[in-house]
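These notes concern the structure reproduced below.
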Amino acid sequence: MRQVDVIEGDVTVLDRSDVDTDQIIPKQFLKRVERTGFGEFLFYDWAKQPGWELPRNPILATGRNFGCGSSREHAPWALEDYGFAAIVAPSFADIFYSNCTKIGLLPVVLPEDDVRAVMAAGRATIDLDAQEVSWDGGRASFEIDAEVRRRLLGGLDDIGVTLQQEEAIAGYEAERERSGPVTTSLT
Amino acid sequence: MPRSVFDKIWDAHEVADALLYIDLHLVHEVTSPQAFESLRLAGRKVRRPDRTLATADHNVPTDGSTAAQQIRDQLSRVQVETLEQNAAEFGIPIYSIGSRSQGIVHVIGPELGVTQPGMTIVCGDSHTSTHGAFGSLAFGIGTSEVEHVLATQTLQQRKPKSMLIRYEGQLGFGVTAKDLILATIGQMGVEGGVGHVIEYAGPAIEGLSMEGRMTVCNMTIEGGGRAGMVAPDDTTFEWVEGREAAPDPLPLDEWRALRTDEGASFDKELVVDAGRVSPQVTWGTNPGMVVGVTGAVPEPATEGDQRALEYMALQPGTPMSEIRLDRVFIGSCTNSRIGDLREAAELVRGRRVASTVDAMVVPGSQQVKAQAEAEGLDEVFRTAGFDWRSAGCSMCLGMNPDIAAPGERVASTSNRNFEGRQGRGARSHLVSPKMAAAAAIEGHFVDIREWS
């Protein structure tokens, strides 16, 4: 996973709430079996509407409940491929938030007023280690799970981290595993 | 300390701090290819193929094709073939096109009996919440997490918050589980459940069939919920008993203990008056934009509402019953089970689909299809002018040939009315199977409580 540390740069504003992943990357692009190259299809239908502008900047600032709907990780892949390194919003949908952290696209939750200030400033610095966003005229700290933060800062491989607990997993399977179902016994 | 069903399942599966053991991993063709590719590159194996099950559903044409090679769309074909190859390479059981057990992943899990009370279940699909109807903890994950579960049979996961939605009263005549969950999302908003595992409880839930409970849990994600669940009871046990993968005998003592203890606490609670819920119809571009069928398109309260009305080409004040339809879609992981089809068939028997409407029924699985045909439901639908299709996700999301055209207005029993979801520019109205069936006959929405 890509290592995340300090993200600094211009802010792209998408001032909409409840942006669903069907808008971020429409279904016809989910047929690819690769992980790369989704950026050019980002907001495919909205991008055709008059007046649409989405500059390629390191930071995207947007509205509440960003990334709701489908679990498609293609949505963070597309945003990241397009050039975004962090997304600042008052709230995110759960699966989308988790998906972002798995690929090193930093989701930052800030109070709505602070998101508005970041949008207005047009430029910001996000320091993951310090858990702080700063912009011309203001700064705000943000919450992030300590373990998620550690993995992002270190660019750690999640599976590698978990496999260090192999003994605990094997022990669980030996002692506590429930009986059935066994999918391989289905005809 | 009193514990909820969610607490009990969580406690029984925590391998280490924030590391959750997964009992069942369901896999489909869209969100898995990149996960398998990464496993391959890292030289990793699937830890528990015997706790993993794959099926093809999103890309499957519903024209009765019996092999992946018959899929005309090249990208879709490659995606299904890739799943078949990955399943073979990693030793995962698969029901692909042509299998008598193929179907929408959230229909076949329960149908085969692999979905059982007390389990942790994940799938690279947000509607995995469906399986919570059995008193399991089931939720959607992304592709990186799919890879993680394949490799480790666990998920790194902080315990979500808990929420109780308690229904008072019973559903009225003609009002279904679909209406109940749509009204609930309308009440709490599409963000109301974010970060929470929701337990649905109360007499209206206990009175639902397993199909109805699956419909409710299925749409949990549309209210933002991480997972939805119903405590298992005799209705659950009767449904599971005798299914192919069900234990024999059922571990009833263990399953009966999956109740929320008196005094268990929740981070959030919501009370919904089930007795006041009427048949629901969505008017906008998310499932929370919903009103009763006797209502009208509301005045826009936000910019988002305004955009939704423009996309939907609707005027505030228009009675919902005056909205005319081009298409009707009965299907999807929300409403394509045998009970859903029976309810719809009952209403269309002896009637004709309006000449202005193109209507289709897509059973959720090959087994549902076979059962419906054994009962003669296919004939009821065909005679009425419905297109009777083969199993798949179909027009719920348009990754296969079943797509609505730009500007077409669809009454759909699926779960998402997002812009372009059923086809670019298509306008979706979410309803119950009964409401969809009646709308197909009349060419516009009707209040089925008064329709005869």
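Read top to bottom, the protein sequences are chains B and X. Be aware that the first sequence starts at 66, since it is given in my numbering, and climbs by one per residue. Be aware that the second sequence starts at 131, since it is given in my numbering, and climbs by one per residue. Backbone N, C-alpha and C fix where the C-beta goes; we use that ideal spot for every residue, glycine too.
When C-alpha distances from X:H236 are compared across X:I201, X:M349 and X:L455, the shortest belongs to X:M349.
Under the rule that a run must span 3 or more residues, the beta strand (DSSP E) segments found entirely inside the stretch 458 to 524 of chain X read 488 to 491. Cβ-Cβ distances below 6 Å link X:D309 to V407, P409, Q410 and S562 in the same chain, with the five nearest sequence neighbours on each side left out; the list follows chain order.
By the Cβ test, the stretch 462 to 475 of chain X is not in contact with the stretch 157 to 177 of chain X, since fewer than three Cβ pairs between them sit closer than 8 Å. In the DSSP assignment, X:G239 falls within the unbroken alpha helix (DSSP H) covering V235 to L242. X:A268 is the residue among X:A268, X:E298 and X:Q300 whose C-alpha sits nearest the C-alpha of X:Q287. At a cut-off of 8 Å between C-beta atoms, B:R188 does not count as an interface residue with respect to chain X.
In terms of CA proximity to X:L242, X:S495 leads the group X:M419, X:S495, X:R386 and X:V279. With respect to chain B, the C-beta atom of X:E549 has a partner C-beta closer than 8 Å. Taking 9 Å as the upper bound on Cβ-Cβ separation, chain X lies near residues P141, W142, S156, F157 and A158 of the stretch 141 to 158 of chain B.
When secondary structure is reduced to three states using DSSP, X:Q199 falls in the helix class. Along the length of the stretch 145 to 231 of chain B, whole beta strand (DSSP E) runs at least 3 residues long occupy 151 to 154, 171 to 174, 188 to 192, 197 to 200 and 203 to 206, reported in chain order. Counting C-beta pairs closer than 8 Å gives fewer than three between the stretch 369 to 381 of chain X and the stretch 313 to 324 of chain X, which falls short of the contact rule. In summary, the residues of the stretch 203 to 226 of chain B whose CB is separated from some CB of chain X by less than 7 Å are D210, E212, D223 and I224, in the order they occur in the chain. Secondary structure of X:L400 (DSSP, three-state): strand. Spanning the alpha carbons of X:A541 and X:G302 requires a straight line of approximately 22 Å. In the DSSP assignment, the residues bridged to X:R454 are X:H574. The three-state secondary structure of X:K138, taken from DSSP, is helix. Within the model, the alpha-carbon separation for X:D517 versus X:A489 is close to 6 Å. Under the DSSP assignment, X:I295 falls in the beta strand (DSSP E) whose first and last residues are K291 to E298. In the same chain as X:S451, and ignoring 5 residues on each side of it, the C-beta atoms closer than 8 Å to its own belong to V423, T424, H574, F575, V576 and D577, in chain order.
Between the C-alpha atoms of B:G104 and B:D210 there is a straight-line separation of about 28 Å. Counting only residues of its own chain and dropping the five nearest sequence neighbours on each side, B:T101 has a CB closer than 8 Å to the CB of W142 and D146. The alpha carbon of X:N545 has as its nearest neighbour, out of X:A569, X:I460 and X:P531, the alpha carbon of X:I460. About 5 Å separates the beta carbons of B:M66 and B:G169, which is inside the 8 Å limit, making them a contact pair.
Proximity of chain X to B:Q114 at the Cβ level (cut-off 7 Å) is not reached, the minimal Cβ distance being about 10 Å.
If you draw a straight line from the Cα of B:S156 to the Cα of X:C463, it comes to about 27 Å. Counting only runs that start and end inside the stretch 330 to 374 of chain X, the alpha helix (DSSP H) elements of at least 4 residues fall at 333 to 336, 340 to 348 and 364 to 370. Non-local beta-carbon contacts of X:A313 in its own chain, meaning distances under 6 Å to residues more than five positions away in sequence, involve V407 and Q410 in chain order.
Taking 8 Å as the cut-off, the Cβ atoms of X:V427 and X:V458 do not count as close. The beta-carbon of B:I168 is placed less than 8 Å from the nearest beta-carbon of chain X. For the pair B:P246 and X:V244, the CB atoms are nearer than the 8 Å cut-off. For X:Q445, no beta strand (DSSP E) encloses it, and the DSSP letter there is neither H nor E. Taking all protein chains in view, the Cβ of B:A151 is crowded by 16 or more other Cβ atoms within 10 Å, so the residue is classified as buried. Around the Cβ of B:K96, a 10 Å sphere holds 16 or more other Cβ atoms; the residue is buried. The three-state secondary structure of X:D180, taken from DSSP, is helix.
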